[in-house]
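Please read the structure below before turning to the comments.
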Amino acid sequence: MTGIPDKNELQAGLSEGVPHYHGHRERLRSRFRDAGAEAVSDYELLELVLFRAIPQRDIKPLAKELIAKFGSFAEVVAAAPARLAEVKGMGDAAVTELKIVQAAASRLARGQVQKRPVLSSWSSVIDYCRTAMAYADKEQFRLLFLDKRNQLIADEVQQVGTVDHTPVYPREVVKRALELSATALILVHNHPSGDPTPSRADIQMTQSIIDVARPLGIAVHDHIIVGKEGHASFKGLKLI
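Numbering (the working numbering), first residue to last: 530 to 769.
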């Protein structure tokens, strides 16, 4: 017979020294329901996410180990599947569960920037870029293509590089903008180091794209760099 043990079974198991975690799970779920997300820590939120993937084991130690290895809930969820699988106890189902959470977070954030003028919802743009890229372990170069009303036409990752470099080809950037009939661009990339401060190469690359795009009537509204420690805006820094 299967199912959740009744009270007598739980008490009997406890008296025999058998660990039972069903009560802990229900208490944690109740606290989340009653008091909200701020009432649970990062490792407890991980437990809540992983309950379905690992139904027959106490996963508090695993959740704590994941936080210790990667640093935070966000960094665990954003970690590469291969790195997650290195942690003992993280099987395919558990890794997939975390990747589902990451995809859901990205789509929620993206929903805040669609169907509205991007420049009037700038905080949503920053939130989306950070959600999508801040915790990636390799540099990514992303392009937000805008129409005449500054609404988002497309959002594409053009290049994925190494931990500290992404090759960017200005003519390819502008070619894609012309294909989409975009009249403006927002450039976005991440710094896996965590520090979003623009490098000299970042500044030179941005200027190269501006120089190629301007004669074709395509504006570069901003270049945003995101990292675990925050974000940097070229426009805010008066670099463009």
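Positions of the beta carbon are idealized from the N, C-alpha and C atoms, including for glycine.
Rounded straight-line distance, which links the Cα of residue j to that of residue i
i, j, result
"Leu543", "Leu577", "Any reading at Leu543 is ruled out, since the residue's pLDDT is 45, under 50, leaving its predicted position unreliable."
"Ala597", "Asn679", "42 Å"
"Lys677", "Ser649", "14 Å"
"Val605", "Leu709", "35 Å"
"His760", "Ile655", "8 Å"
"Gln736", "Arg612", "36 Å"
"Gly620", "Ala582", "9 Å"
"Gly723", "Glu668", "11 Å"
"Lys628", "Ala607", "8 Å"
"Val741", "Val630", "39 Å"
"Gly600", "Lys757", "11 Å"
Residue(s) in a DSSP beta bridge with residue i
i, result
"Asn719", "Val755"
"Val702", "DSSP, once it has assigned bridges, lists no residue as partnering Val702."
"Ala761", "Ile754"
"Val689", "Gln669"
"Val749", "Leu714"
Nearest to residue i (by Cα), restricted to the options the options
i, options, result
"Leu714", "Asp731, Arg581, Val647 and Ala761", "Val647"
"Asn719", "Cys658, Val697 and Phe763", "Cys658"
"Tyr664", "Val755, Phe580 and Arg556", "Val755"
"Gly552", "Phe580, Ala632, Ser570 and Asp571", "Phe580"
"Ser570", "Lys593, Gly618, Gly640 and Glu555", "Lys593"
"Leu673", "Phe599, Arg705 and Asp666", "Arg705"
"Val717", "Asp731, Gly640 and Ser601", "Asp731"
"Glu626", "Leu575, Phe561, Phe670 and Ala638", "Leu575"
"Pro721", "Phe670, Ser652 and Pro584", "Phe670"
Contact belief for residue i with residue j at Cβ below 8 Å, rounded distance in angstroms
i, j, result
"Met734", "Val703", "13 Å between Cβ atoms; not a contact."
"Ile739", "Ile769", "7 Å"
"Ala661", "Ser635", "5 Å"
"Ala632", "Val624", "Rounded, the Cβ-Cβ distance is 13 Å, inconsistent with contact."
"Leu766", "Ala711", "With 8 Å as the limit, Leu766 and Ala711 do not qualify as a contact, their Cβ atoms being about 24 Å apart."
The stretch 559 to 570 in contact with the stretch 582 to 590 per 3-pair CB rule at 8 Å: A contact is defined here as three or more CB-CB pairs under 8 Å, and the stretch 559 to 570 fails this definition with respect to the stretch 582 to 590.
The stretch 682 to 691 / the stretch 722 to 737 touching (three or more Cβ pairs under 8 Å): no
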